[in-house]
Every structure is written in structure tokens, then in C-alpha cells.
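**Q**
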Amino acid sequence: MLKRITVFIPIFAGILWIGTAQETKIYTHDQKDYQDALALFNNEQYQAAQTIFEKVKLTTKDYETAANSAYYAANAAVRLNQLGADRLMEDFVEKYPTSTKRNSAYSDVADYYFETGKYPYALKWYNKVDQSAMSRKEMDKFNFNYGYSLFSSGKGKEAEKYLGKVVNSPVYGSQAKYYLGYIAYQQDDYEGANERFDQITDPELLDEKLSYYQADMNFKLGKFEEAIALAKKQLPKSDRNEVSELNKIIGESYFNLGQYANAIPYLEAYKGKNGKWSNTDYYLLGYCFYKQGDYANAIQQFNKIIGGTNSVSQNAYYHLAECYLNLGKKQEALNAFRNASQMDFSPEIQKDAYLNYARLSYEIGNAYEPVPQVISSYLDKYPNDSNAQEMQGLLVDSYITSKNFEGAMALLEKNRSYASKATYQKVAFYRGIELFIDGDYSRAHENLAKSLSNAEDALFRARANYWNAEALYMLNRFEEALANFTDFKRNSSARGTSEFNDVDYNLGYAYFKLRQYGNAISSFDSFTKSGTTDQDKLNDAYLRLGDSYFVTSKYWPAIETYNKALALSGPEKDYAAFQKALSYGFVGKSDSKIEELDKFVSRYPQSTLKDDALFELGNSYITAGQENKGLITYDRLIEGYRGSSLVPQAMMRQGLVHYNANRNEKALEKFKTVVRDFPNTQEAVQAVATAKLVYVDLGRVNEYAEWVRDLDFVEVTDTELDNASFESADKQNLEGNTNAAIKGYESYLKQFPNGMHAAKSNFHLAQLYFAKNQKDKALPYFKYVADLGASEFAEQALTRVCEIYIGNNDYGTALPYLERLEKQGDIQQNRTFAQSNLMKGFYEQRNYGQTIAYAEKVLATPTIDNRIKSDAQIMIARSAIQTNNMDRAEAAYAEVLKIATGETAAEALYYDAYFKNQAGQNEASNTSVQKLAKDYSSYKEWGGKGLILMAKNFYALNDSYQATYILESVSTNFSQYPEIVAEAKGELAIIRAKEAQRNSSVNPDGN
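So the mapping is simple: the working numbering equals the position in the sequence shown, first residue as 1, plus 67.
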């Protein structure tokens, strides 16, 4: 604000003359009091004077004395700032209209308020003055004071009228020109202002502030060199605030002259408005550093420009991006280019920023939107751009690098010109692999076939052959799989690929499935001699080689091969030992078989084959004539494995042993136990038939008839009908007539709900519905078989029940079945399946202790694939997060990151960034978020959470622009995730509040 230059003119010069020029006679009493009061008033003893004036006004009989006393009393009240002082003066004018002081009363009060700087009050009283009664000298004073009061009250236009009347006054002229010039300056009339200022001759005015305003006006008129000279001249004479403004004028003048190095110290010396810089201030200094090639310092200025939505901001963000690129900070550059591309103040900058944004998105990934979408949008907006061909190539590659092979295939099916035949071949190949990993073998085969039909690259042709064979194998199309594996092996380009190391192993399995055991032996034998370092596959190859020898009755080579498997440290040693023992039996080495089975039982107490071993050992003892040992071994099986399907068979064998030894009562006891404990099984039917022979031998046929009358699981008299009905349905199933088989099994179960083949019929019926994806229809049939207990189908049925409930996301109902499967399952894969899903089920029920316990069980299982391992580790990590065990969570996520794929890997990578952020490793945390954006962009929720972490990291690294821009982008681009948006807005509000303390362009409310 301009400081007013005061011209001191005595306001009450005539007052004392009036008081002392009275007649020289001896004063009366009231005249003496009046003169005393006047003396006090002139000595500024207003309170004492007022008291006497009030007394004289009431006691004197002289009109003029009374009028003067009222006038001075009111004037004293004004100077004492008393409540109602204005009213007292108004009362004086009304009561004494003929007083000589009537007009001077208004001007005296107005002048008093003027001198004390209360210009609105002064205006009120100046408005009451009768100007026609004033002398020329009084009019000059009135016009200046009135004009200045208007000026000081913000009424510049009105002030001009009165100040203009005294521009030629010897007393007020210089000041009037000064204020008229300043009014013109405020109204941006710099030519008019300069004209007024040039007319001023008063040295005091010229020395005080004129150079400041002239410097500013020259700057605004584009006369930058004159502005610099005037501002520099004024600097030594200015106070702190003006020094700041003058530095700004000099700095911006140098900026406009392109003298950026000269501008820097002056721009840095600027202190801002009320201690705050604006976005424009940061831009000017940042641009100067940018032009000097000092990108680090340029960034430090540009990145304080927050929330800008004008051409200055677009320029700043574009140059900020260039600075980041020059320093290798590509993620930061991507954000700034993206911001500049979203503004249309300069179409040229917008387009170039968009191009760079698309290129960087391709190069480092993009967490805001899919990279292909960015590039496609660029091509849509600038279809005739000279960079179109480059962008088309990047578009195809972006699908590939972001592993969005589905999108790449869709794009290339519509726009084959976007890529070469070789690129199409590779995309189709990778899409096929992706589908294979997802278990969609049919569509994997389709895409791999497309890759093969566009085989430009011999290497990819070979690999496509291999994986196509794998897909066909999984589809049980073994002949076609064999052909593709064979083509792969013959392809010279296949040698040197990782797949070639396993081709003999896979050929062995294909031959094995086709029952071409001789070829299987050759392939597995070749693989075992290949020098493979994969111990798990080597072990498995020895097992299958042994099995191939076994099924072709080559038992001695089988024994030798099983011994090789036992010599390794791999899994399934129990299986090899069991098969070795069986082989001894087939070469007539019964003693060796018994010895090996006996070792097996003690060596592998937890084996799923222990019940099989006990059964075979019992049989071997009986065959060897060691009846008692055989019966005891059967008892060990029956007592230790109540859920085994071999239990009813062992009981039957015991019954037959007793029957053959003429221990008929003991035989009947065993047969009846089988019927009671295992109804609806083949063993129960056999037990009834054999018991009938015993009863016949004993001559107790009536007793037999009475016994079977109470059995409802089999209609003894309808056995032939039972068998015929079942065989009819089973025949349709074997011939692949699915609908006819379903109808047949349902008809059988309707006639014989508890028939001899009830378990088998229920299982096959369930399997047929399951294959047709009618899982709800399959479920009750699977449950029947699972709940039936010991049968050859029980474990598989139980597994299917679990699968169906889990597929419906009904873990609550699935849990008891999963627990049964874990305890009763003979197949390790089924037990692992049960444990991994028990882990997930308990997590869903928020039972984190059990979740971790089962996850550890899963991880302790040998030969599980990485997908199951990562599931277990992720369950441990999530449970640790829920129980606030951050150290364990961090360790578990680190393990997940080593092996996970897909969304699990995205989650692990997010937490990798999270824990680094918590540890203050902000740059390392950002690196993890960038990897998340590049490699897992399709998992948008984790991308959004990662961006919030990135914003926090940038703010911790003093990059306010990056932090706020990222949070603003999250708020607008992730609306489908309200919690993420809410967190972003909360963080943004905190940062804006802090930044508003130093940047006047920042609104803490974000509006």
C-alpha cells in the first residue's frame, strides 16, 4: 500500500485569534470560565476544557458564548473519541444555525478525522461542508483532503475529480499528481501514470517511491531493460517487502529478455506474497534452471507446481517431464507427460506429451490404464500422425510385454497388418501357453495350432509343437500328443530349448497311456540316461519305467529299476518299495516278497500304501501256509485302517480261511460282520453268497433264509436282474453314449437302490453329470458314494464333493468333507488338495491359527508345484497381516514373490513395496510399484494400492507434484474401488494442507 506524504497545515489557526481578540474589558465570571476552557482546549486538555464549556453553555446568557461553548464541547468530544460525539456536533448546528462556526464545524471535524487517518469518517463530514462559503485557499485544502479521503477509501475514480482540481496548486500539486499517477497505475493505465509521475518535481516524493512504481510499470509495459535499471536504483532505498517485489521485477525482466542465468539470483530473492510463492513463481525459476541444463534444481521448482490448470502449468509439467527423463527418472516423467497431455492449452505440447506418455507407458508400464489402451487412444486421436507405424508396433508389443496375450490376439485377428506373421506366431504361442497354465487345454490347443499354421520362426514352431502335445495329452488325445512330441523331437531347432530336456519323459508317458509299453520303456530309459538334473522327474521316470516293465511281466528289470528309484532322495519311495515287493512275488520269490512287505510296514508307517502292503502281506502269509500270521496281519489292517476299501476284503479273506479250515462259526461271524459293516458293497454280496454255502454245509438253511430276509441292500432272488440292469447301463457308458448311460444308471438305482452295484452306479452317474458340468446334479450321487465309506470309488467321490462345494465358494459345508479326505485319502495329491482347501476355508472363517497350521502342512508336502506353494505362503502372509505379525507377513510375501504368478504375484509385489515404504526405502519401494505396473497391470486393485504407496514415497522424497498428481489420478481412475479412492483423497488433503502453507496457488480444499 502506498504511504501518504503528509502536508502539515494548521487546522485551527484562527481559533486562538477568535478567543483572544475579544474586547479588552474586565471579563465577567462566565467569560472568564470560557477563556480558561479555550486555553485548555488549545493546549489539547480536551476533557477539562469540555467540562467547563458544558458549564458555560448552561449558565451564560450570551448567545455567541453559548454557541461557541457548544461548538468546542462537541469538538472536544470528537477528539476524545466519545460515544455520541457526532450527535453533539449535529446538535450544535441545529441549535445554533446562525453561529459563525456552523460551516467551519463540519470542515474542522472532517479535517480532524483526515489528520488521524479515519478517511471514511472524514468523507462523512466533508459531504456536509458548504463549499460555496469557502475561500479559494480553503477550497484547495478541501479538494485535496476530500480527494485523498476518496482515494484511501478505494474510490479512485471519484478521487480523480477532486485531486485533478489542485494539480496546479503550489501546496498540493505534487502530491495530487502523485496520487493521480498512482490511481492510473492501479487501473493499469501505465502511460497515464508515467505522464503524471513525470510532472512531479518534489524531491521528497521523487526519492521516496516513484522509482518502484515506474519500474513496475515499465515491466508491465514490456520495457524490461528500463524496469531493471529503475528497480536496481530503488533497491537500496526500499524496505524488506519492497526489496522482495523489486527482486521479482528484476528477475522476471531478465527472464523475459532470455537472460536466465541473470534472472536466477533475483527470482530466488523474491519472498512471495505474504511469504508464499505461486505456481507461476515456481515455474519461472524452474524454467531458468531448465534452460541452464540444471535439471535437478529445475525439478525442485517445477515439482512444487500443484493442481495447475492453465498454460503455465502445462508448460511446466512438460518441461518437468523432460527434466525427469534427462535424469533417468522415467516413472516421474511418465506422470508429468501424462498430466501435460491432458491439457489442451497448447495442442503442440499436448500431442508431444501424449506421444512420450505412450512411449514411456510401453517401456516401463502404466498403473493408471492398460498400456495398449494408451497407445490405441493415441492412434485414435492422431490417426495420420507420422509416428503411427511406430505406435502400431508398440501397440502389439505392449500386449506382449504386459502379458495380455488375449488382447494381443484379439487385436491381431482384426488388424493383421499391425504385425508380421512371425509376431502373430509368437503371440498365438504365448496365448496358448497362458491358456495351458490356466487349465483350458482345448483353447490352448486352438491357439497353439494357429501358431503352428503361421510358423515363420523355427524355434517357436518347435516349442508350439511341444506345448500343443502337452495340451493334447491333457485332453486325453494321446495319439495326437504322441505325433506332436515326435515332431518336436525331430525338429533340429528344438535342441537347446528347455523343453527338449523333457521330451523323452513326455514321450514315455504318451506311450504309457497308449499301452505301448515297449516304446514307453525305450523313452523312459533314454530320459534316465540323459543326465537330467531334475531329480523329481528322474525319480518319476524310474517309477514309470519300472511300471512299464511290471505290466509287461518283466519283473527282474522292474525290480532293478525300482531299486534305482529307491536309491534317489525323491518322493514315492514307498510306492517303489511296494512294487518291488510285488515283483518278487511274480518271480516266485515268496520269501523275498514277505521280507520286503514286512520291511515296508515298519519302514513306511505313514504311507498311504500301508493298508495295501498289509493286505498283500496277509495274502502272502496265507499262500505260504503261515495261516496264523496271515490272520494277525489282516487284523492289523482292519484295526488300523477302518476307512480303507481293503478292510471288507481282508475280512472276507479271514472268513474264507476259517471256512477252508472248517471253522464255520468263525467264518459266519466274519461274513456277517462284512454284511453289517459294509452293506451295498461287492464284498457284502460275496459274503452273503459264501455264508449261504456255510449254512448249507451246516444244514441250517432256514436260519440262512431268516437272516437274509432282514437284509435290504440286496435282493438275493433278483441277482440276475440286478446284474442285467447294471450291465445294460454300464455298456452304454463304455460305448460313450452319455445320455443313454445316465438314463440306464438312474433306472437301475430306481429298481435297486441298495443293489449290488449301487456304489458303482451312483459314482458313474455322478461322473457323467460332472462331465456335463451339471455339478449340482452330480453332487448327491457323489455324496452317496462318499458317505458309503469303504469302496474303490470312495476317495474319488469324496474329492469331487469337496471340489463342488469349493467351486460354489461354500467352504463352510466343504470343511468336514475336506477333513475326511485329509484323513482317509490314499492318494497324496488328494490329501494335499484337502489341506490346501482347508487352509483357505479356515482363512475365510477368520480362523488364522488353523489357516497357518494347514499352510505349513501343505508346504511340508514333497513335490507340490509352485502354484500350491504360493497359495500356502499367501495364506500365511494374509493371516499374519490380520494378526498384525508384520515380520512373518514380510517373510511370507518374500517367499511368494519368488514363485508366484498372476494376481498372487501382484499382491506379493505390492507388499514388497509396502514393507520397503515402511522401512523408509522410498526409492526401492517405488521400483517395486513400477514393476507391479509393468508386469501386472491387469490387476487394477493392486495397481491402485501401489500408486498410493508411490505417492507417499514421492512426498517423502520431497516431490510434491508427483505425490499430488498420482493421488488425484487415483481418485478419478479407480472409482470401482471406493476404499482406495477414499484413502487417496485423505492423503491428498493432508499434502494439500501442508503445501498451501508455502504455495499461494494451492487451495487446501482442492477446489
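Quick reminder that beta carbons are idealized off the backbone N, C-alpha and C, glycines included. These numbers come from a predicted model, not from an experiment.
(1) Which one of 116, 197, 385, 681 has the shortest CA to CA distance from residue 406?
(2) Report yes if the CB atom of residue 445 is closer than 7 Å to the CB atom of residue 475, and no otherwise.
(3) For residue 87, is the classification buried or exposed, using 16 other Cβ atoms within 10 angstroms of its Cβ as the cut-off for buried?
(4) When the Cβ atoms of the region 611 to 630 are set against those of the region 579 to 592, are three or more pairs found closer than 8 Å?
(5) Of the choices 628, 655, 715, 982, whose alpha-carbon is the least far from that of residue 690?
(6) How should residue 402 be labelled, buried or exposed, when 16 other C-beta atoms within 10 angstroms of its C-beta is the threshold for buried?
(7) Kindly indicate which residue of 601, 657, 658, 595 has the alpha-carbon position closest to the one of residue 1077.
(8) Quick check: residue 1008 and residue 982, are their CB atoms within less than 7 Å of each other?
(9) Roughly how many angstroms separate the alpha carbons of residue 488 and residue 973, rounded to a whole number?
(10) Are there 16 or more other CB atoms within 10 angstroms of the CB of residue 437, so buried, or fewer, so exposed?
(11) Quick one: residues in its chain with C-beta nearer than 7 Å to the C-beta of residue 408, no 5 flanking neighbours on either side, listed in chain order?
(12) From the DSSP secondary-structure annotation, give me the bridge partner or partners of residue 1066.
(13) Return the chain-ordered ranges of every alpha helix (DSSP H) run that is complete within the region 707 to 736 and spans a minimum of 4 residues.
(14) Of all the options 1022, 391, 650, 346, which has the alpha carbon lying nearest to the alpha carbon of residue 364?
(15) In three-state terms, what does DSSP make of residue 324?
(16) Please report how far the alpha carbon of residue 568 lies from the alpha carbon of residue 608, in whole angstroms.
(17) Closest to residue 369 by C-alpha separation, out of 118, 377, 346, would be which residue?
(18) Need the endpoints of the alpha helix (DSSP H) that residue 436 sits in, please.
(19) If you follow the alpha helix (DSSP H) that residue 291 is part of, which residue opens it and which one closes it?
(20) Can you tell me whether DSSP reads residue 913 as helix, strand or coil?
(21) At the level of alpha carbons, what is the spacing between residue 1062 and residue 1056?
(22) Return the residue from the list 179, 775, 235 that minimises the CA-CA distance to residue 204.
(23) Please classify residue 767: does DSSP put it in a helix, a strand, or coil?
(24) Hey, how far is the Cα of residue 202 from the Cα of residue 156?
(25) Could you tell me if residue 376 is buried or exposed, where buried requires 16 or more neighbouring beta carbons within 10 angstroms of its beta carbon?
(26) Do the region 1035 to 1048 and the region 313 to 323 meet, that is, are 3 or more Cβ pairs less than 8 Å apart?
(27) Can you give me the Cβ contacts of residue 92 inside the same chain, cut-off strictly under 8 Å, excluding the 5 residues immediately before and after it?
(28) Can you give the Cα-Cα distance for residue 356 and residue 327, rounded to whole angstroms?
(29) Check whether the region 543 to 550 touches the region 572 to 584, taking contact to mean three or more Cβ pairs, one atom from each stretch, closer than 8 Å.
(30) Less than 7 Å between the C-beta atoms of residue 518 and residue 531, yes or no?
(31) Using a Cβ-Cβ cutoff of less than 7 Å, which residues in the same chain neighbour residue 412 once the five nearest sequence positions on both sides are dropped?
(32) By how many angstroms is the C-alpha of residue 211 removed from the C-alpha of residue 130?
(33) Quick test of your reading: residue 685 and residue 700, contact by CB under 8 Å. State the CB separation rounded to the nearest angstrom.
(34) Quick check on residue 648: does DSSP put it in helix, strand or coil?
(35) Any idea what DSSP makes of residue 814, helix, strand or coil?
(36) Rounded to the nearest angstrom, what separates residue 822 and residue 565 at their Cα positions?
**A** Well, looking at it:
(1) Locating residue 406 in the sequence shown gives position 339, counting from the first residue. Ranking 116, 197, 385, 681 by Cα distance to residue 406 puts 385 first.
(2) Walking along the sequence shown from the start, residue 445 turns up at place 378. Walking along the sequence shown from the start, residue 475 turns up at place 408. In this structure, residue 475 does not lie closer than 7 Å to residue 445 by Cβ.
(3) Against the sequence shown, residue 87 aligns to sequence position 20. At residue 87, the pLDDT of 36 sits below 50, so the modelled position is not reliable and the matter cannot be decided from this model.
(4) yes
(5) By 1-based counting over the sequence shown, the position of residue 690 is 623. It is 655.
(6) Counting from 1 along the sequence shown, the entry for residue 402 is found at position 335. Looking at its Cβ environment, which holds 16 or more other Cβ atoms inside 10 Å, residue 402 is buried.
(7) The requested residue 1077 is not part of the displayed model; the chain covers only 68 to 1074.
(8) By one-based count along the sequence shown, residue 1008 stands at place 941. By one-based count along the sequence shown, residue 982 stands at place 915. No, these two residues do not count as a Cβ contact at 7 Å.
(9) As a position in the sequence shown, residue 488 is number 421, starting the count at 1. As a position in the sequence shown, residue 973 is number 906, starting the count at 1. Computed Cα separation, rounded: 32 Å.
(10) By one-based count along the sequence shown, residue 437 stands at place 370. Classification for residue 437: buried.
(11) Here residue 408 refers to the residue found at position 341 when the sequence shown is read from its first residue. Contacts found: 417, 420, 421, 424.
(12) Numbered from 1 along the sequence shown, position 999 holds the residue referred to as residue 1066. DSSP lists 344 as partners of residue 1066.
(13) 713 to 727
(14) If you number the sequence shown from 1, residue 364 lands on position 297. Selected option, being the one with the closest Cα: 391.
(15) Residue numbering aside, residue 324 sits at position 257 when the sequence shown is read from its first letter. Here residue 324 sits in coil by DSSP.
(16) Here residue 568 refers to the residue found at position 501 when the sequence shown is read from its first residue. Here residue 608 refers to the residue found at position 541 when the sequence shown is read from its first residue. If I take the Cα positions, the gap works out to 13 Å.
(17) On the sequence shown, residue 369 is found 302 positions in, with the first residue counted as 1. It is 346.
(18) Along the sequence shown, one-based indexing puts residue 436 at 369. Premise fails: residue 436 is in no alpha helix (DSSP H) and is neither H nor E.
(19) For the purposes of this step, residue 291 is taken as residue 224 along the sequence shown, with counting starting at 1. Residue 291 -> alpha helix (DSSP H) spans 291 to 301.
(20) Locating residue 913 in the sequence shown gives position 846, where the first residue counts as 1. Coil at residue 913, not helix or strand.
(21) For the purposes of this step, residue 1062 is identified with residue 995 of the sequence shown, where counting begins at 1. For the purposes of this step, residue 1056 is identified with residue 989 of the sequence shown, where counting begins at 1. For residue 1062 and residue 1056, the distance between alpha carbons rounds to 10 Å.
(22) On the sequence shown, position 137 is the one that residue 204 refers to. Residue 235 is the option with its Cα nearest to residue 204.
(23) One-based indexing of the sequence shown puts residue 767 at position 700. Three-state DSSP puts residue 767 in coil, outside helix and strand.
(24) Here the question's residue 202 lines up with position 135 in the sequence shown. Here the question's residue 156 lines up with position 89 in the sequence shown. Computed Cα separation, rounded: 23 Å.
(25) One-based indexing of the sequence shown puts residue 376 at position 309. Burial call: exposed.
(26) no
(27) On the sequence shown, position 25 is the one that residue 92 refers to. Only weak support is given to the placement of residue 92: the predicted model assigns it a pLDDT of 41, under 50, and the value that follows is read from those uncertain coordinates. None.
(28) Numbered from 1 along the sequence shown, position 289 holds the residue referred to as residue 356. Numbered from 1 along the sequence shown, position 260 holds the residue referred to as residue 327. In a straight line, the C-alpha of residue 356 is about 8 Å away from that of residue 327.
(29) yes
(30) Here residue 518 refers to the residue found at position 451 when the sequence shown is read from its first residue. Here residue 531 refers to the residue found at position 464 when the sequence shown is read from its first residue. Their beta carbons are under 7 Å apart, which means residue 518 touches residue 531 by this criterion.
(31) Reading the sequence shown from its first residue, position 345 is the one you call residue 412. 377, 378, 381, listed in sequence order.
(32) Counting from one through the sequence shown, the residue named residue 130 turns up at place 63. Counting from one through the sequence shown, the residue named residue 211 turns up at place 144. Distance between the alpha carbons of residue 130 and residue 211: 35 Å.
(33) Indexing the sequence shown from 1 puts residue 685 at position 618. Indexing the sequence shown from 1 puts residue 700 at position 633. At roughly 4 Å, the Cβ-Cβ gap stays under 8 Å, so residue 685 and residue 700 are in contact.
(34) By one-based count along the sequence shown, residue 648 stands at place 581. It is helical.
(35) On the sequence shown, residue 814 is found 747 positions in, with the first residue counted as 1. Residue 814: helix per DSSP, three-state reduction.
(36) Position 755 of the sequence shown holds residue 822. Position 498 of the sequence shown holds residue 565. If you take the alpha carbons of residue 822 and residue 565, they lie about 53 Å apart.
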